[in-house]
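Each residue of the sequence shown is one higher than the one before, starting from 22 at the first, in our numbering. We put the CB at the ideal spot given by N, CA and C, even for glycine. So the structure is just underneath, and the comments pick up after that.
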Amino acid sequence: MKNNISVILRIATILFSVSFLNACFDAAQPGDDAVANGGGSSGTGRTSVSVGTISAFGSVFMNGVRYDTTNTTITINGNPANESDLHTGMVGRITGSIDIPNGTAVASTLDVTINLTGAVEQIDLPLEKLVVVGQNVFINPLTVFENGFPETLSIGDIVAISGLTDKDGAVVASYVEIIASGGQAETALSGQISSLNQADRTFRIGVQTINFALAQFIDTSEIALANGLTVRVTGQAMVGNIINASLVQNLASTPVASEDDILDFEGIVREPVLPTQFLLGNLTVTTTPTTVFIDGTSSDIIGNARLRVRGRYTATNTLEAAQIGFSLQPDITVTGGVDSVDVGSNQVNISGFSIQINNSTRLLDNSSSGIQQFSVNELQAGDRITVFGSRSGTVIKALFLRRDQLAVPGASGNITVRGLSAPAGGDPFFEISGVTVDTTGMSVPGAFLNASLNPITRAEFFAAVQQGAFAEVIGTYTNPTLATTSARLLGRGNMTVMLGIGNPVAGANDLLATWDGTLNTETDVINGTTAVNMFITSKQTILNFPWFAHDIRVFGPGSYSFDTCLNQPLTNPCGTLQMTVGPGQIGVHMLLDWSMDVNVDVVNVWDQNNTFCADLPAGTCTTYSLAADGSYIPGLNLFNWNLASTDLDQDGIAGGLVVDGAFINAVSISFNLEL
22 MKNNISVILR IATILFSVSF LNACFDAAQP GDDAVANGGG SSGTGRTSVS VGTISAFGSV
82 FMNGVRYDTT NTTITINGNP ANESDLHTGM VGRITGSIDI PNGTAVASTL DVTINLTGAV
142 EQIDLPLEKL VVVGQNVFIN PLTVFENGFP ETLSIGDIVA ISGLTDKDGA VVASYVEIIA
202 SGGQAETALS GQISSLNQAD RTFRIGVQTI NFALAQFIDT SEIALANGLT VRVTGQAMVG
262 NIINASLVQN LASTPVASED DILDFEGIVR EPVLPTQFLL GNLTVTTTPT TVFIDGTSSD
322 IIGNARLRVR GRYTATNTLE AAQIGFSLQP DITVTGGVDS VDVGSNQVNI SGFSIQINNS
382 TRLLDNSSSG IQQFSVNELQ AGDRITVFGS RSGTVIKALF LRRDQLAVPG ASGNITVRGL
442 SAPAGGDPFF EISGVTVDTT GMSVPGAFLN ASLNPITRAE FFAAVQQGAF AEVIGTYTNP
502 TLATTSARLL GRGNMTVMLG IGNPVAGAND LLATWDGTLN TETDVINGTT AVNMFITSKQ
562 TILNFPWFAH DIRVFGPGSY SFDTCLNQPL TNPCGTLQMT VGPGQIGVHM LLDWSMDVNV
622 DVVNVWDQNN TFCADLPAGT CTTYSLAADG SYIPGLNLFN WNLASTDLDQ DGIAGGLVVD
682 GAFINAVSIS FNLEL
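Right, dumping it as structure tokens:
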């Protein structure tokens with residue numbers, strides 16, 4: 022299913038009223054099809070712009086509205102293209118019109134944005150993070166992959182990425198095309214200029230250095246370049262990882278819309294956020310007492326929140342919001358065979374679950390058919406699909422529906438369900454994302470597995486359920502119960518930050534960890550051959566700041582020394598960190614980024630299959646660890662973790678003391694993991 026992006030590479034407007042916008046906003050489900058059933062191409066009304074993600078085709082769906090594209094001028098990064106070059110997940114800008122009496126929307130122009138094209142430099146799947154052309158790229162369950170999956174990515178692969186930009190300048194990818202497995206390709210990236218050096222004729226986008234000595238300029242000039250200017254750069258990578266730009270284009274020269282246009286804008290919130298004003302991408306959004314909030318409130322508008330705003334473009338780069346909708350995140354994933362399809366109501370049934378599709382559902386055909394303009398009309402009974410959705414009762418609102426395989430005669434009717442587990446009256450019952458699971462029939466050895474696919478006991482599995490573990494089950498669903506034949510944990514853990522006096526101050530309880538089972542034993546951790554062999558990821562913030570653990574190395578018994586100055590780019594004090602791993606224990610060293618701190622060294626020594634800080638006096642740690650609701654609950658340390666943190670430095674506080682960064686000698690950090 023290759024497309025022509027690599028050739029084309031050398032972001033929306035329709036006419037409609039605010040009342041019409043309200044009618045077809047994604048949360049207002051009956052109105053989600055207000056345009057879907059219309060046709061024609063003779064729209065009249067107010068000029069409007071729509072910027073967002075393409076969710077489906079026939080013609081083109083964006084921000085919950087179907088646009089007729091019969092006579093649309095289509096471009097990709099401003100270069101001529103065809104509708105066959107477009108794909109679900111691409112971010113674009115539509116201009117057009119709306120005929121309100123007839124309920125039709127027509128696109129006159131559609132320009133898709135490809136943010137990045139180039140080689141993959143780093144892959145961290147547990148953290149859902151890539152580095153492409155020196156830029157951080159985040160993926161998620163709703164990211165559409167073309168010609169592969171996240172698991173098939175390799176360092177050096179050439180990819181094209183479309184998405185939105187978060188408050189830190191990273192791309193949140195909604196579309197990733199794997200163009201080639203290695204090789205050379207023209208590199209393209211966009212972002213804000215920093216570190217401009219006119220003498221050397223260089224600047225940076227993120228951490229990537231650009232040399233513009235031989236570049237042509239569009240809508241700007243060499244002398245007009247300035248820090249903070251948003252540009253798109255095309256060129257070739259040079260020795261030293263510098264891009265030799267052949268083209269530099271100013272992306273801020275054209276306003277997103279015109280005065281009094283109706284604007285429908287999807288973006289990610291940047292900071293600061295004021296009581297009645299915030300930044301959405303590069304757009305200033307203002308709210309009024311009449312602004313309507315859907316799936317959230319004004320207090321939910323924080324940095325990196327993904328929103329869709331509809332209203333009137335009132336001044337240069339300003340949008341007066343009539344309606345603000347918050348992006349839903351999937352809380353359940355279901356894989357199974359289609360029982361029936363109701364095209365008229367946009368509904369698919371899988372083993373008793375009703376999958377509701379609307380104009381905002383991302384649709385992708387990943388089967389051998391590879392239909393680009395894929396819709397519910399192409400689905401048939403027996404097709405195997407995966408749905409990432411938001412569940413209410415037996416109805417799952419599909420956020421992303423992917424057809425994985427065409428109908429296979431005689432295929433198993435089992436379904437796979439993944440999500441957050443919770444107790445439901447005790448063994449043999451529990452819940453996944455509100456679905457009751459019955460494990461009565463699971464008596465075969467090995468039916469219960471941990472995240473590393475190793476057998477665990479029924480008691481160990483249900484102990485993890487009590488802690489709200491992520492889980493996956495396979496079985497048959499008969500409303501309201503899923504009878505499972507296989508259940509496994511997907512990994513769960515927590516991290517707790519404690520002051521020097523032992524009081525917990527912050528933490529995260531949604532950790533997912535994977536470990537390949539190997540142990541580093543070489544004591545020369547600087548010049549030796551120690552390998553990264555564990556990944557830990559979390560979506561929760563620490564005191565409202567995101568954090569990232571990286572370069573995680575797991576060690577066997579022995580004594581190890583770490584020079585914390587080695588990876589500390591800031592001027593904070595640093596020193597030497599010692600770690601002694603006893604017989605039967607496991608040690609870990611990692612680098613932690615949080616707020617303005619980067620590469621802070623953290624070490625832990627874990628007991629295997631033990632309680633949190635079991636080496637400290639009874640009752641010492643009763644308030645340290647996080648519960649599933651984020652609170653600190655006495656007695657939670659009684660849970661047996663696969664890897665349970667100990668007091669490695671014997672200071673009476675579980676975890677390891679931080680000896681570099683802004684919090685040097687002030688906090689200890691502990692990790693408890695269920696693999």
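Cβ neighbour criterion (16 or more within 10 Å) applied to residue i
| i | result |
| --- | --- |
| residue 243 | exposed |
| residue 600 | buried |
| residue 295 | exposed |
| residue 287 | buried |
| residue 44 | Any reading at residue 44 needs caution, since the residue's pLDDT is 40, under 50, leaving its predicted position unreliable; the model's value is listed next. It counts as buried. |
| residue 611 | buried |
| residue 336 | exposed |
| residue 622 | buried |
| residue 476 | exposed |
| residue 686 | exposed |
| residue 551 | buried |
| residue 516 | buried |
C-beta atoms of residue i and residue j nearer than 8 Å
| i | j | result |
| --- | --- | --- |
| residue 409 | residue 421 | yes |
| residue 210 | residue 254 | yes |
| residue 327 | residue 289 | yes |
| residue 308 | residue 319 | yes |
| residue 596 | residue 681 | yes |
| residue 208 | residue 139 | yes |
| residue 375 | residue 438 | no |
| residue 94 | residue 129 | yes |
| residue 402 | residue 364 | no |
| residue 688 | residue 555 | no |
| residue 510 | residue 480 | no |
| residue 302 | residue 148 | no |
| residue 503 | residue 457 | yes |
| residue 378 | residue 397 | yes |
| residue 188 | residue 338 | no |
| residue 514 | residue 695 | yes |
| residue 105 | residue 487 | no |
| residue 70 | residue 116 | yes |
Straight-line gap, residue i to residue j (C-alpha atoms, nearest Å)
| i | j | result |
| --- | --- | --- |
| residue 163 | residue 175 | 20 Å |
| residue 134 | residue 183 | 6 Å |
| residue 311 | residue 127 | 29 Å |
| residue 118 | residue 340 | 19 Å |
| residue 349 | residue 579 | 47 Å |
| residue 651 | residue 529 | Note that residue 651 has pLDDT 45, beneath the 50 cutoff, so the model's placement of it is unreliable and no number is given. |
| residue 643 | residue 334 | Reliability of the predicted coordinates at residue 643 is poor, the pLDDT of 41 falling under 50, and the value obtained from them is presented with this limitation in mind. The alpha-carbon atoms of residue 643 and residue 334 are separated by roughly 54 Å. |
| residue 277 | residue 177 | 35 Å |
| residue 231 | residue 223 | 5 Å |
| residue 100 | residue 132 | 9 Å |
| residue 74 | residue 181 | 15 Å |
| residue 468 | residue 198 | 37 Å |
| residue 151 | residue 572 | 14 Å |
| residue 666 | residue 237 | 57 Å |
| residue 371 | residue 359 | 5 Å |
| residue 390 | residue 424 | 10 Å |
| residue 478 | residue 662 | 14 Å |
| residue 624 | residue 690 | 8 Å |
| residue 249 | residue 322 | 24 Å |
| residue 141 | residue 179 | 6 Å |
| residue 205 | residue 604 | 49 Å |
| residue 677 | residue 615 | 17 Å |
| residue 143 | residue 281 | 44 Å |
Cβ separation of residue i and residue j, assumed to be a contact under 8 Å, to the nearest whole Å
| i | j | result |
| --- | --- | --- |
| residue 563 | residue 527 | 5 Å |
| residue 298 | residue 264 | Between residue 264 and residue 298 the Cβ distance is about 36 Å, and since that is not below 8 Å, they are no contact. |
| residue 246 | residue 214 | 6 Å |
| residue 769 | residue 464 | This structure leaves residue 769 out entirely; the chain is present only between 22 and 696. |
| residue 426 | residue 405 | 4 Å |
| residue 669 | residue 626 | 4 Å |
| residue 227 | residue 190 | 6 Å |
Beta carbon proximity, residue i to chain D, threshold 8 Å
| i | result |
| --- | --- |
| residue 440 | No chain D appears in this structure, which consists of one protein chain only. |
**Report entry** the segment 74-91 in contact with the segment 148-161 per 3-pair CB rule at 8 Å
**Finding:** no
Query raised in the report: Would you call the segment 97-113 and the segment 373-386 touching, i.e. three or more CB-CB distances under 8 Å?
Result: yes
Query raised in the report: How about the segment 443-452 and the segment 342-357: do they share at least three Cβ pairs that are nearer than 8 Å?
Result: no
Query raised in the report: Within the chosen definition, does the segment 526-534 reach the segment 559-574 through at least 3 CB pairs nearer than 8 Å?
Result: yes
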